[in-house]
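I have placed the structure first, in the form of structure tokens, so that the comments after it can refer back to it.
Protein chains: 2
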Amino acid sequence: MLKDILDNNENYQPGLSIDCVIFGFHDNQLKVLLIKVERANKWSLPGGFIPVDQDIDAAAITVLNSRTGVDGVFLRQFATFGKVNRNDQHFDKKTLEYFQIEEEKAKWLTRRFVTIGYYALVDFSKIHPNPAGRFEVVEWIEHKEVPELILDHREILDKALDTLRIELNLMPIGYNLLPEKFTIPELQKLYETILDKKLDRRNFLRKITNIGILTKLDEKKSNVAHKAPNLYSFDKDKYEEVLKNGLNQGW
Amino acid sequence: MLKDILDNNENYQPGLSIDCVIFGFHDNQLKVLLIKVERANKWSLPGGFIPVDQDIDAAAITVLNSRTGVDGVFLRQFATFGKVNRNDQHFDKKTLEYFQIEEEKAKWLTRRFVTIGYYALVDFSKIHPNPAGRFEVVEWIEHKEVPELILDHREILDKALDTLRIELNLMPIGYNLLPEKFTIPELQKLYETILDKKLDRRNFLRKITNIGILTKLDEKKSNVAHKAPNLYSFDKDKYEEVLKNGLNQGW
DNA sequence: GTACATTGCGTCAGAATAACACATTAATGA
DNA sequence: TCATTAATGTGTTATTCTGACGCAATGTAC
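Same order as they appear, the protein sequences are chains F and S. Letter by letter, the first sequence follows residues 1 to 251 in the UniProt record's numbering. Letter by letter, the second sequence follows residues 1 to 251 in the UniProt record's numbering.
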């Protein structure tokens, strides 16, 4: 895989990569899709290189799709990272030898890489983490338990979540993170988990329904302890409209 | 200049550039600093390449500083642009010949460039547009009268303004765009110009003073028609604090 | 049945917002 | 000189939004 790219490195944008922060929601936890590649002792964000004949957005979709199998989901560029030494230590001499990378090819690989960060919101239940190769592990890891990551991936992850938190105030969230039918308490848990703070049930209900993107279904969730909560779904059209126009006007 | 870079192109990040949207405010108009280089018939955003030994943020500061002479101002990355054909037509055969660029060097220049967009807010009165060379023109142009730009620079400019409009709701603005002493009507005009809509004087005053970043001075603006407006200045400490913590909490 | 946790719905005071009225100030020109 | 004009400074009021909370309804566990 890496060798294929290096052998055809003229087909890829040099010194430029894409890293995706893929968020999912399950068991009332915010999850992040991380990968661990052969020989590495740290986890990393799924990433990839940019073919010279692809828009960067298209390359990001490729990265997302290759790891999750889904497409047509919420994917948004949020920042570009380019500190001088950010990948200085990534491919050390031993690693290059291990992968039998020739010196000339290694130069292409070890230069400073600037990486474009994208974050994605996906429906956890629809994703089957998809290792790119035999020696790659792909896993959902709870955000609060994300271990040490390679390079500046922790910084990238933090920035992605910061961006998501800010954008929560500008757009509706949930369509891409929840199954088709869901309950208000579930949606609230999603918000609480992302924001990492408690919200008042009753005020949340009022605010979220006032947006006008929810359809109350004639069903209740079954097999639950305590009172069965109502099921809701998103009104796709209105959701898209609000997504486009934004929530708060401010000034 | 360009030749210097090409002759030492191994010192620059390949296929990667920086473009700055530099906003200023003067005569109740939102101005953008644009440049026109030798032989070009269209204007462009000030931009530059990225030395391999500089953080991308540092490279952006260099671009801004080289064109405006100021530093320590508001400068923020907002998006990265990388459509496949974005600079296909930029250096055509004739132009390359005109600049006497060798074929090998031309390859470095004509590949797809991904560009990182930054926007800056600067005090118009402190800026002396600074052409990088004899054949370069640097000028403040009113936003509404910006002519056709090269490449996708119009898209970059639009995105910068969109970002600024959104961020108006998240942070205070004005410190970097106005002189030290200013009036509330001036500040309001700034907001109105950026948002491109009228605001109510009285409501604006209330909202802006409630933020707690303004200091009312014991001075009135002199030499003005009609009633002399009060002068204000920003309380730097409180301004910085609000900048860091944000304005609207939302959820 | 009773205790308990959770959901659904409602209330209320205070804050924020939008729309608007009126007095004040300084240059202008009849 | 003095009314006119076009701005600025300072309210007021009705409405909406927000945060904090009460209480009844529902379904499980014992």
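Don't be surprised by glycine CBs; every beta carbon is placed ideally from N, CA and C.
Query: Proximal residues, the stretch 161–172 of chain S versus chain F, C-beta separation under 8 Å; Result: Ile166, Leu168, Asn169 and Leu170
Query: Test item: CB-CB of Arg67(F) and Pro51(F) under 7 Å; Result: no
Query: Below-7 Å beta-carbon distance, Ile56(S) vs any chain F residue; Result: yes
Query: Residue-chain proximity (Ile116(F), chain S), Cβ-Cβ < 7 Å; Result: yes
Query: Beta-carbon spacing of Ile18(F), Val84(F) below 7 Å; Result: no
Query: Nearest-angstrom beta carbon gap, Val138(S) and Asn130(S) [assumed within contact, 8 Å]; Result: 6 Å
Query: Strand pairing of Phe49(S), partner residues [DSSP]; Result: Ser17(S)
Query: Supposed close pair Tyr12(F), Phe78(F) - CB separation, criterion 8 Å; Result: Actually they do not touch by this definition, with Cβ atoms about 22 Å apart.
Query: Sufficient close CB pairs (3 or more, under 8 Å) joining the stretch 33–46 of chain S to the stretch 145–161 of chain S; Result: yes
Query: Residue-chain proximity (Val84(F), chain S), Cβ-Cβ < 7 Å; Result: yes
Query: Spatially closest choice to Phe99(F) from Ala40(F), Phe23(F) and Asn248(F), by CA coordinates; Result: Ala40(F)
Query: Below-7 Å beta-carbon distance, Pro51(S) vs any chain F residue; Result: no
Query: Contacts of Pro14(S) in chain F (Cβ-Cβ under 8 Å); Result: Pro14 and Gly15
Query: Range covered by the beta strand (DSSP E) that runs through Ser233(S); Result: Asn230 to Phe234
Query: Start and end residues, beta strand (DSSP E) containing Glu219(F); Result: Leu214 to Lys220
Query: Spatial neighbours of Pro185(S) in its chain, beta-carbon cut-off 7 Å, leaving aside the 5 residues before and after; Result: Pro229
Query: Complete beta strand (DSSP E) runs within the stretch 149–221 of chain F (minimum length 3 residues, chain order); Result: 214–220
Query: Which of helix, strand or coil DSSP assigns to Ala225(F); Result: coil
Query: Range of the contiguous alpha helix (DSSP H) that encloses Arg67(F); Result: Ile56 to Thr68
Query: Residues that Gln188(S) contacts on chain F, provided the C-beta gap is smaller than 9 Å; Result: Per Cβ cutoff of 9 Å: no residues; Gln188(S) is ~10 Å from chain F at best.
Query: For Thr80(S), the nearest candidate out of Phe25(S), Asp57(S) and Arg201(S) (CA to CA); Result: Asp57(S)
Query: Meets three-Cβ-pair contact criterion under 8 Å: the stretch 160–170 of chain F and the stretch 108–119 of chain F; Result: yes
Query: Backbone secondary structure at Trp140(F) - three-state DSSP; Result: strand
Query: Range covered by the alpha helix (DSSP H) that runs through Lys126(F); Result: Premise fails: Lys126(F) is in no alpha helix (DSSP H) and is neither H nor E.
Query: Asp53(F) to Met171(F) span [Cα, whole Å]; Result: 32 Å
Query: Beta-carbon spacing of Phe25(S), Phe124(S) below 7 Å; Result: yes
Query: Reduced DSSP secondary structure (H/G/I, E/B, other) of Val114(F); Result: strand
Query: Segment limits, alpha helix (DSSP H) that includes Ile5(F); Result: Leu2 to Asp7
Query: Stretch pair the stretch 104–114 of chain F + the stretch 3–11 of chain F: three plus CB contacts closer than 8 Å; Result: yes
Query: For Val21(S) and Lys197(S), the rounded distance between their alpha carbons; Result: 21 Å
Query: Residues that Asn248(S) contacts on chain F, provided the C-beta gap is smaller than 8 Å; Result: Asn169, Asn248 and Gly250
Query: Simplified DSSP state of Ala106(S), which is helix, strand or coil; Result: helix
Query: Neighbour-count burial assignment, Ile173(S), 16 or more Cβ in a 10 Å radius; Result: buried
Query: Short CB-CB distance (under 7 Å) between Leu195(F) and chain S; Result: yes
Query: Per-residue contacts from Arg206(F) into chain S (C-beta, under 7 Å); Result: Under the 7 Å cutoff, chain S gives no residues; its nearest Cβ is about 13 Å from Arg206(F).
Query: Contacts that Leu199(S) makes with chain F (C-beta to C-beta distance below 8 Å); Result: Trp251
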